[in-house]
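Engineer:
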Amino acid sequence: MKRYFQHEFLKVSHFAASHWEHPVHNHNHFEIIFVHKGKGLHCVSGTYIPYDGANLFLLAPCDYHRFEIEEETEFTFVKFSYTYLKSIENIQAVDSWNKDMDQLLIHAQNRSRPLLQTDSEKQKADSLMRLIAQEWKDDKNEGNETIFFLIQAILATIKRNLMPGLTGSGQKHVEKINRVIQYIHEHIYSVEKTQAAHLADIFGFSKHYFGLFFKEQTGFTLREYIAQNKLHLIENRLKYSSFSIKEISNELGFTDLSHFNKFVKQHRGYTPSEFRGELTKP
C-alpha cells in the first residue's frame, strides 16, 4: 500500500510498485531515493543505472529521471528544498547542511559508482530511511528536528562513500590526500585557508612538494581543483538559491564583484547575471 506524506518544502513517500507510473520528470528540489528491495533500472539525466536490492540515489533539482522496474520495488523518497532549512532553528546545523549539500552535489555527478559501497552501509541507510518515513507519518512538521538530523545522517553516510577516486599508490598517501581534500571542502569559502602555502604548512609539506603531491594524487593542480569546485558552488547558488550575486561573491571569498564576475566569465564564458538571466527566461 502506498503511503504518501506531503508538505510545501518537504515530502516523504514510502511505497512498493511493480510498474513505474510517472513519465520522465524533474523537480525544483533535491531528492534522496532509497530502494529497499527490487530490481530494475534508474534512468537519471540520460544515464541508466541498474539496481538489484538496496541502493541509494541523490538527485539535484536539475536532474530528470524515471525508473524501469523489472521486479517489484520498495522505495522511500525524501524530497526537500533549500527553503526547508528555514524551518530549522539550529543555525549551526543549517550551515553544516548547506556545506554538505555543496560537496555532495559536486561528487554525486559521477554516476559510475554506487553511493553506498558495502552491505553494512546499505543496512544502515535502510534503517534511517524507514525511520524518516515513520517519523514523517507520525508528525508532519517540517520543523521536526528528528527528521532533520535523520536526513543529515543519510547525507553523512553518502559523504563517507563519496571521496574522489585517487591514484596514489600507498595507503598513507590515500589517507593524507583524503584529509587534504576534506579540509579544502570544509574551507572552500576561505581564500586564505585554501592557499598552497597554508595547506602545505597544515599537512607538513614544503610548498613546492605539496603542489606536486596534490597533482599526482588527484590529477588536478590545486588551482584547477579549487576553481572547478567554486564554479559548481556558484552555479548551484545561482540556480537553486535566492542569494543575490553580491551575497554569493562574498560567501565564496571574492574581493569584489568585479573579481567575481571576471572569474566566472573566464571559466564559463558568461557572467553570473547572464547565467541567472537565462534561467528565468520562459
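Counting the sequence shown from 1 gives a position; the numbering used here is that position plus 195.
For each residue, glycine too, the CB sits at the ideal point set by N, CA and C.
These numbers were taken from a predicted model, which means no experiment stands behind them.
In its own chain, which residues sit with a C-beta less than 7 Å from the C-beta of Ser-400, not counting the 5 before and 5 after it?
Structural biologist: Your numbering for residue 400 matches position 205 in the sequence shown. Here residue 400 is Phe; the residue named in the question, Ser, does not match the sequence. Excluding positions up to five away in sequence, the list reads Phe-408.
Engineer: In or out: Thr-389 buried (at least 16 other Cβ within 10 Å) or exposed?
Structural biologist: Position 194 of the sequence shown, counting from 1, holds the residue named residue 389. Buried, because 16 or more other Cβ atoms sit within 10 Å of the Cβ of Thr-389.
Engineer: Can you pull the DSSP bridge partners for Phe-470?
Structural biologist: Position 275 of the sequence shown, counted from the start, is the residue given in the question as residue 470. Answer is none; Phe-470 lacks a bridge partner.
Engineer: Take Ala-348 and list the residues in its own chain whose beta-carbon comes closer than 6 Å to its own, dropping the five residues that flank it on each side.
Structural biologist: The residue labelled residue 348 in the question sits at position 153 within the sequence shown. Cβ neighbours of Ala-348 beyond the five flanking positions: Leu-323.
Engineer: Please report the straight-line C-alpha distance between Gly-365 and Ser-468, rounded to a whole angstrom.
Structural biologist: In the sequence shown, the residue the question calls residue 365 occupies position 170. In the sequence shown, the residue the question calls residue 468 occupies position 273. Note that Gly-365 scores a pLDDT of 49, beneath 50, so its modelled location is shaky; the value from the coordinates is reported in the next line. Going from the Cα of Gly-365 to the Cα of Ser-468 covers about 45 Å.
Engineer: Give me the residue from Glu-263, Asp-321, Arg-325, Phe-405 with the minimum Cα distance to Ile-372.
Structural biologist: Residue mapping note: residue 372 aligns to position 177 of the sequence shown, counting from 1. The shortest C-alpha separation from Ile-372 is found at Phe-405.
Engineer: Please return the same chain residues whose Cβ sits closer than 8 Å to the Cβ of Leu-452, not counting the five positions on each side in sequence.
Structural biologist: Here residue 452 corresponds to residue number 257 of the sequence shown, with the count starting at 1. Excluding sequence positions up to five before and after Leu-452, its CB lies within less than 8 Å of the CB of Ile-440, Lys-441, Ser-444, all in the same chain and listed in chain order.
Engineer: Quick one: is Tyr-435 buried, meaning 16 or more other Cβ sit within 10 Å of its Cβ, or exposed?
Structural biologist: Counting from one through the sequence shown, the residue named residue 435 turns up at place 240. Label assigned to Tyr-435: buried.
Engineer: What is the residue span of the beta strand (DSSP E) that His-209 lies within?
Structural biologist: Within the sequence shown, residue 209 is the residue found at index 14, counting from 1. Run containing His-209: 205-212, per the beta strand (DSSP E) assignment.
Engineer: Are Leu-326 and Asn-356 touching if we call contact CB-CB under 8 Å?
Structural biologist: Residue 326 sits at position 131 when you count from the first residue of the sequence shown. Residue 356 sits at position 161 when you count from the first residue of the sequence shown. Cβ distance not < 8 Å, so Leu-326 and Asn-356 don't count as in contact.
Engineer: Looking only at C-alpha atoms, which of Arg-261, Leu-251, Gln-423, Val-386 sits nearest to His-237?
Structural biologist: Counting from one through the sequence shown, the residue named residue 237 turns up at place 42. When only C-alpha atoms are compared, the closest one is Arg-261.
Engineer: Distance, Cα to Cα, Ala-392 vs His-380?
Structural biologist: The sequence position of residue 392 within the sequence shown is 197, counting from 1. The sequence position of residue 380 within the sequence shown is 185, counting from 1. Rounded to the nearest angstrom, the two C-alpha atoms are 17 Å apart.
Engineer: Could you say which of Val-459, Lys-206, Glu-370 lies nearest to Gln-412 if we only look at CA atoms?
Structural biologist: Taking the sequence shown and counting its residues from 1, one reaches residue 412 at position 217. Comparing Cα-Cα distances from Gln-412 to each of Val-459, Lys-206, Glu-370, the minimum goes to Glu-370.
Engineer: Hey, could you find the ends of the beta strand (DSSP E) Asp-451 is sitting in?
Structural biologist: Taking the first residue of the sequence shown as 1, we reach residue 451 at position 256. Looking at the DSSP string, Asp-451 is not in any beta strand (DSSP E), and its letter there is neither H nor E.
Engineer: Under a Cβ-count criterion, where at least 16 other Cβ atoms within 10 Å of its own Cβ denotes burial, should Ala-418 be classed as buried or exposed?
Structural biologist: If you number the sequence shown from 1, residue 418 lands on position 223. Contrary to the premise, residue 418 reads as Arg rather than Ala in this sequence. That one is exposed.
Engineer: In this structure, how does DSSP classify Gly-248 when only helix, strand and coil are distinguished?
Structural biologist: Start at 1 with the first residue of the sequence shown, and residue 248 comes out as number 53. Coil, per DSSP.
Engineer: Just the Cα atoms here: how many angstroms apart are Lys-402 and Phe-252?
Structural biologist: Counting from 1 along the sequence shown, the entry for residue 402 is found at position 207. Counting from 1 along the sequence shown, the entry for residue 252 is found at position 57. Rounded to the nearest angstrom, the two C-alpha atoms are 39 Å apart.
Engineer: Please state the DSSP three-state secondary structure of His-237.
Structural biologist: One-based indexing of the sequence shown puts residue 237 at position 42. His-237: strand per DSSP, three-state reduction.
Engineer: Would you kindly report the start and end of the unbroken alpha helix (DSSP H) that includes Tyr-140?
Structural biologist: Residue 140 lies beyond the range of the chain shown here (196 to 477); nothing can be said about it.
Engineer: Tell me the DSSP secondary structure of Thr-352 in three-state form.
Structural biologist: For the purposes of this step, residue 352 is taken as the residue at position 157 of the sequence shown. Note: Thr-352 maps to helix in three-state DSSP.
Engineer: Please report the distance separating the alpha-carbon of Val-230 from that of Thr-450.
Structural biologist: What you label residue 230 is simply residue 35 of the sequence shown in a count that begins at 1. What you label residue 450 is simply residue 255 of the sequence shown in a count that begins at 1. The C-alpha of Val-230 lies about 45 Å from the C-alpha of Thr-450.
Engineer: For Thr-389, write down the residues that DSSP places opposite it in a beta bridge.
Structural biologist: Taking the sequence shown and counting its residues from 1, one reaches residue 389 at position 194. Answer by DSSP bridge pairing: none, since Thr-389 is not bridged.
Engineer: Terminal residues of the continuous alpha helix (DSSP H) containing Gly-406?
Structural biologist: The residue labelled residue 406 in the question sits at position 211 within the sequence shown. First-last of the alpha helix (DSSP H) with Gly-406: 402-413.
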